[in-house]
Amino acid sequence: MEWYFYLIFFLFNMIIGAGLFYSIIIFLFHPYKEKKIFGHKIPLTPGLIYSQKIRIAKYISKLFAQYFQHAKNEGTESKITELENKIYKDILKKLKEKNFLKLLPKSISNSIYRFIADIGHYFVKELTRNFIPELLNRYEIERMIIEFIESKDISIVEMKVKKYATLPLIGLGAGIGLIFSIFDTILLLIIL
0 MEWYFYLIFF LFNMIIGAGL FYSIIIFLFH PYKEKKIFGH KIPLTPGLIY SQKIRIAKYI
60 SKLFAQYFQH AKNEGTESKI TELENKIYKD ILKKLKEKNF LKLLPKSISN SIYRFIADIG
120 HYFVKELTRN FIPELLNRYE IERMIIEFIE SKDISIVEMK VKKYATLPLI GLGAGIGLIF
180 SIFDTILLLI IL
């Protein structure tokens, strides 16, 4: 088989992969309205984002409620408490690995390391339990996000997705197509 057939094969698979991922983006946002043929609704219309707006808004509202619940709960089962403890342990571990207080006795250096880790723990605790909830409440971020999602106009979201996610997704699709074409070529060479 000629070499250019392999090149065409690679390009064909890459184009199929890129087209598939681009069609996923189109599928999320288009069509804007429900379509009907002979009075019967066409499945998956309107686009997935438009048809699931209310569900997405409820999910985001649930996430905010969970965050506020975890921020108020200082028990050990709270996700924020787990995060604070993990950060404390990570800071302590990194400081002990660096061991920048080699000249001091071990007990003094360990006390200093624990003090620094306590400061980091306190900072994270204040940030996650006081500052972020206060910021969310003051600017009513949850209400703004839910109103934005529930509004009829999601074209801004579509524009941002197309601007920032289209090229990476097309590249990913082309890469997957390239991998499939390499496997197909290897199988073709084994068969021939």
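Residue numbers (numbering that gives the first Met the number 0): 0 to 191.
All C-beta atoms in this analysis are idealised placements derived from N, C-alpha and C, irrespective of residue type, glycine included.
Sequence-distant residues of the same chain with beta carbon closer than 7 Å to His29, five excluded per side: Excluding residues within five positions, the ones whose Cβ falls inside 7 Å are Gly46.
C-beta contact flag for Ile148 and Ile59 at 8 Å: yes
Where the alpha helix (DSSP H) through Glu125 begins and ends: Lys105 to Glu125
Reduced DSSP category for His69 - H, G, I as helix; E, B as strand; rest coil: helix
Minimum C-alpha distance to Ala17 - residue among Leu177, Leu187 and Lys78: Leu177
Cβ-based burial, Met13 [other Cβ within 10 Å; buried from 16]: Burial check for Met13: the Cβ neighbour count within 10 Å reaches 16 or more, so the residue is buried.
C-alpha gap between Ile90 and Val123, whole angstroms: In this structure, the CA atom of Ile90 is about 12 Å from the CA atom of Val123.
Reduced DSSP secondary structure (H/G/I, E/B, other) of Ile36: strand
Beta-carbon proximity of Ala70 to Pro132, cut-off 8 Å: yes
8 Å Cβ cutoff, Lys162 in contact with chain B: In the structure shown, chain B cannot be found, because there is only a single protein chain.
Pro132 in three-state terms, based on DSSP: helix
Ile25, DSSP secondary structure in three states: Of the three classes helix, strand and coil, the one that applies to Ile25 here is helix, per DSSP.
Of the listed residues Ile48, Tyr66 and Ile111, nearest to Leu135 (C-alpha basis): Tyr66
Distance between Ile190 and Gly170 (C-alpha atoms, nearest Å): 30 Å
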